[in-house]
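Contents: one structure, followed by commentary.
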Amino acid sequence: MTATVDTIRAAIARNKNLAYIVGLTETISPLGKQCLLDSPWLTERGDMAHEYSDTDEMLRHISLHDTKIDKICLQLMCLRDVASTLSALAAGQVLGDIELYEVKALALTVMEVRRICLEIGLAAVELPSVANVVDALDPEGTRVAHFYVYDAYSPALKDLRAKLKQARKEKADNVSELFAACSDEETRIRIRLSAELQPYAPALTAGLKDLGRLDMLIARARLVKKLSLTRPQIAEAGISYTALRNPQIAEALKQSKREFQPVDISAAEGVTVITGANMAGKSVVLKTVGLAQLMAQFGYFVPADKACITPVQEVLSSIGDAQDELEGLSSYAAEMLRINEIIKKKRNGMRLLALIDEPARTTNPEEGKALVNAVIELLSGPGSYTLLTTHYSGLTAPCRRLRVRGFREEKADGRRLTAATVNDFIDYSLEPSNETEVPREALRIAMILGVDDMVTDTAARYLDR
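351 is the number of the first residue of the sequence shown in the working numbering; add one for each residue after it.
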């Protein structure tokens with residue numbers, strides 16, 4: 351599965367964990383949501399540092415000027431996407447009253463939010479000055495988001511309206527004539543206003559975009575506080591996390607009064623193999639590392655106490671997906687196609703983060719082990735990072751190895767092991783390992799769970815052979 355695409359909008363369609371994070375990013379306006387969904391995939395360290403700095407600045411202002419930020423948010427609640435109106439203005443079209451109202455409302459919002467930003471010294475977004483637009487559309491100085499072809503625009507219009515009012519009162523014969531004259535004068539004013547405002551279309555368009563970005567930055571900063579996210583350090587090589595968490599899984603566990611156990615993990619260029627028994631959380635580790643990389647390269651802080659990441663061009667994964675069967679592919683066929691894509695891109699020199707879960711687990715052990723050795727060998731070397739989980743022992747291809755500590759009876763603390771509590775007995779910590787043999791805990795867990803002795807004893811006899 352290719353998890354990395356040009357924008358976050360496309361990425362969330364393929365990554366449920368990332369979609370969960372985006373769903374928690376509570377923008378206020380349609381423009382803020384659009385800005386968030388259009389967030390680009392960042393591969394340059396400078397671009398990532400710029401996004402992190404803007405989020406850091408917003409965090410400071412939320413802490414120091416929370417009431418001012420709340421006032422900005424109130425303004426953003428009224429923000430509407432008027433891009434089509436601004437395009438018409440830029441093209442020289444004559445705007446009607448509704449379009450002129452939209453321009454006025456936007457200009458008032460830009461002006462007020464700009465005033466607040468200047469007052470508190472917020473520089474992450476530099477809103478343009480649109481005071482001339484407000485003056486043009488608000489000749490009476492009411493500063494209210496309402497538009498009307500005011501008498502103040504034309505003494506002739508004021509005079510015609512007075513005559514029309516009097517004619518209607520007297521039921522004079524020239525009411526229709528006066529009404530047409532008023533309409534003609536109003537049209538001339540709209541034409542004049544549209545021409546007068548046309549040069550400001552770029553500034554208004556920039557202001558609309560800036561307000562959307564400001565909305566997104568506020569939402570992203572508030573998510574930092576909500577999920578206790580951390581600004582990642584950006585490295586030239588290496589990926590590492592201290593106390594890495596998966597927010598979606600952590601929330602699901604919280605609902606059942608359980609806690610997510612954070613993990614420390616690091617990966618150097620080449621292949622890092624993770625071993626551990628079933629239920630040891632290896633797949634969760636892969637998904638969480640992938641999520642953190644995606645968040646970091648879409649401008650988010652990450653769910654860890656400390657993080658150091660290297661930007662990559664793509665995050666690719668081979669983690670079982672029910673969609674494979676729906677598309678008529680066997681799990682093995684789909685898996686091999688995904689791995690083949692990863693290897694081809696690595697050979698073509700792409701900087702990758704590859705996440706491969708239990709490759710070749712559905713084929714016979716001899717061929718499976720050979721395939722896993724081949725994958726490790728072909729993905730070794732500089733330029734990319736691969737995390738690969740496996741149950742196979744005796745792998746000989748050179749790689750770095752980590753082992754999930756796994757099942758720990760001492761964690762029982764007097765409680766009985768059941769199918770519902772077995773995960774509470776797992777230590778998900780990762781530790782370096784030089785062993786080529788993978789842990790064997792399946793029979794032990796089965797026996798503690800109370801599986802019939804005939805099953806476990808017979809299995810143990812075959813294992814001894």
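Built from N, CA and C at the ideal position, the CB exists for glycine as well. Small disclaimer: the values here were computed from a predicted structure and weren't measured.
- prompt: Can you tell me whether Leu687 is buried or exposed, with buried defined as 16 or more other CB within 10 angstroms of its CB?
  reply: exposed
query: Using the beta-carbon count (16 or more within 10 Å), is Tyr498 buried or exposed?
result: exposed
task: Measure how close the beta-carbons of Val484 and Leu514 come, nearest whole angstrom, since I'm counting them as under 8 Å.
output: Not a contact, Cβ separation roughly 29 Å.
- request: Could you check what DSSP says for Gly620 in three-state terms: helix, strand or coil?
  value: strand
message: Suppose you measure from the CA of Asp807 to the CA of Ala618; what does that come to, to the nearest Å?
response: 42 Å
message: Rounded to whole angstroms, what is the Cα-Cα separation between Ala481 and Met427?
response: Cα to Cα, the separation comes out at about 21 Å.
message: Report the CB separation of Ala473 from Glu407 in whole angstroms; it is logged as a contact under 8 Å.
response: 7 Å
- prompt: Which stretch, first to last residue, makes up the alpha helix (DSSP H) that contains Ile693?
  reply: 681 to 697
- request: Specify the secondary structure class of Leu676 as computed by DSSP and reduced to three states.
  value: With a pLDDT of 41 at Leu676, under the threshold of 50, the modelled position of that residue is not reliable, and the figure given next carries that caveat. Leu676 falls in the helix class under three-state DSSP.
- prompt: Is it right to say Arg493 is buried, meaning 16 or more other beta carbons lie within 10 angstroms of its own, or is it exposed?
  reply: exposed
Own chain, CB closer than 8 Å to Ala399, minus 5 neighbours either side, in chain order: Ile584
- prompt: What are the start and end residues of the alpha helix (DSSP H) that includes Asp534?
  reply: 525 to 547
- prompt: Taking the continuous alpha helix (DSSP H) assigned at Lys632, which residues delimit it?
  reply: 632 to 647 is the extent of the alpha helix (DSSP H) around Lys632.
- request: Can you tell me which of the three DSSP states Leu603 falls into?
  value: helix
- prompt: Count the other CB atoms within 10 Å of the CB of Arg608; is the residue buried (16 or more) or exposed (fewer)?
  reply: Looking at its Cβ environment, which holds fewer than 16 other Cβ atoms inside 10 Å, Arg608 is exposed.
message: Per the DSSP calculation, Arg753 is bridged to which residue(s)?
response: Thr625, Glu781
- request: Using beta-carbon positions only, say whether Arg464 and Leu477 come within less than 8 Å of one another.
  value: yes
task: Can you tell me the Cβ-Cβ gap for Leu745 and Val623, rounded? I've got them flagged as a contact below 8 Å.
output: 7 Å
- request: Measure the beta-carbon distance from Glu717 to Thr740 and round it to whole angstroms, keeping in mind my assumption that it falls under 8 Å.
  value: Going by Cβ atoms, the distance from Glu717 to Thr740 rounds to 14 Å, so no, they are not a contact pair.
query: Between the region 367 to 387 and the region 565 to 572, are three or more C-beta pairs nearer than 8 Å?
result: The region 367 to 387 and the region 565 to 572 touch, with no fewer than 3 CB-CB distances between them shorter than 8 Å.
- request: Quick one: residues in its chain with C-beta nearer than 7 Å to the C-beta of Thr592, no 5 flanking neighbours on either side, listed in chain order?
  value: Asp614, Ala654, Asp655, Lys656
Alpha helix (DSSP H) runs wholly inside the region 470 to 528, at least 4 long, in chain order: Counting whole runs of 4 or more residues, the region 470 to 528 contains the alpha helix (DSSP H) stretches 481 to 487, 505 to 520.
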